[in-house]
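Input: a single structure, listed below in structure tokens.
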Amino acid sequence: MTAPARPFSKERNDLDFASLEAGDIVLMSNPWDRWYMRYIIFWSHAGLVTGKGGREAIIDVVREPFGDHDRVGQRPFYQVHHCTYEAYALNYDLIALRVRCPLEVRQAAVRYAEERIGTPYSPNIKKIIFNRHDTDHYSCSVLIWQAYQAQGIDLSPAPFGLNVTVMPYTFAHSRHVQVVAVGTRYKPIPRNWRNLGLILRRWWYRNVLRAPIADWGTEDGG
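Residue numbers (this note's numbering): 1 to 222.
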């Protein structure tokens, strides 16, 4: 289902995709995310940059299309696949993370993930929740976690060593990464009472959830 047009939005996200390197991790957040993702976790999805560009720019695992994904014909869903930067440029908030390790290690993580192309998405809730070490099905963040774990880098340590899933937002707080790019699809909004809800939500994401989101700014207006 294609998302409806939203106020103060641009045609595409302004993240500098040209600055990305193999092994970078791109996190996304959108107005159409489920409320508990949006207001408690914020970052709802993750993709792994291949360094190739074109139709194989990002390795992705998407259970089903949300929002504007259908506009770029991203296929196939329900399995590990490649997608273009354009599929990500339709998202509202993006950050790019670079793992603090040599490029060769990041490239090895990409190769690990590419060897899983065609592997299905986790088929049910149980397997989505308890899937950290599974290799016959994946969610987006588990694939990335495994790709770097195979290189000796634990981007999201398991609580009490349990085989529980990896949440995308944990990558943003990992000691092994640095933020290398941020982007937004929002335009500056007029600073007035009618837009107070939007302004307060952005404040919540940045100051309470500690999401390093792009500053979409405000402008005075009536």
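Yeah, the Cβ is synthetic: ideal placement off N, Cα and C, and Gly gets one too.
Considering only residues of the same chain and omitting the five flanking positions on each side of Gly118, which have a CB-CB separation below 8 Å? Gln79, Val80, His81
If you compare alpha carbons, which of Phe171, Thr170, Asp16, Pro188 is closest to Tyr88? Asp16
Report back the beta-carbon spacing between Arg98 and Val182 to the nearest angstrom; my notes put them in contact at under 8 Å. Their Cβ separation, rounded to whole angstroms, is 13 Å, which puts Arg98 and Val182 out of contact at 8 Å.
For Ala214 and Arg175, what's the separation of their Cα atoms in angstroms? 21 Å
In angstroms, rounded to a whole number, what distance separates the CA positions of Gly112 and Gly197? Inspection of the sequence shows that residue 112 is occupied by Tyr rather than by Gly. Near 43 Å, if we compare the C-alpha coordinates of Gly197 and Tyr112.
Roughly how many angstroms lie between the CA atoms of Asp93 and Ala211, to the nearest whole one? 10 Å
DSSP three-state label for Ala46, please. strand
Anticipated Cβ contact below 8 Å, Tyr186 with Ser9, distance rounded: 6 Å
Once DSSP output is grouped into helix, strand and coil, what is the label at Met28? strand
Rounded to a whole number of angstroms, what is the C-alpha to C-alpha distance between Glu219 and Arg38? Note that Glu219 has pLDDT 47, beneath the 50 cutoff, so the model's placement of it is unreliable and the number below is only indicative. Answer to the nearest angstrom: the Cα atoms are 25 Å apart.
Leaving aside the five residues before and after Ser19 along the sequence, list all residues of the same chain whose C-beta is less than 6 Å from its C-beta, in chain order. Ala181
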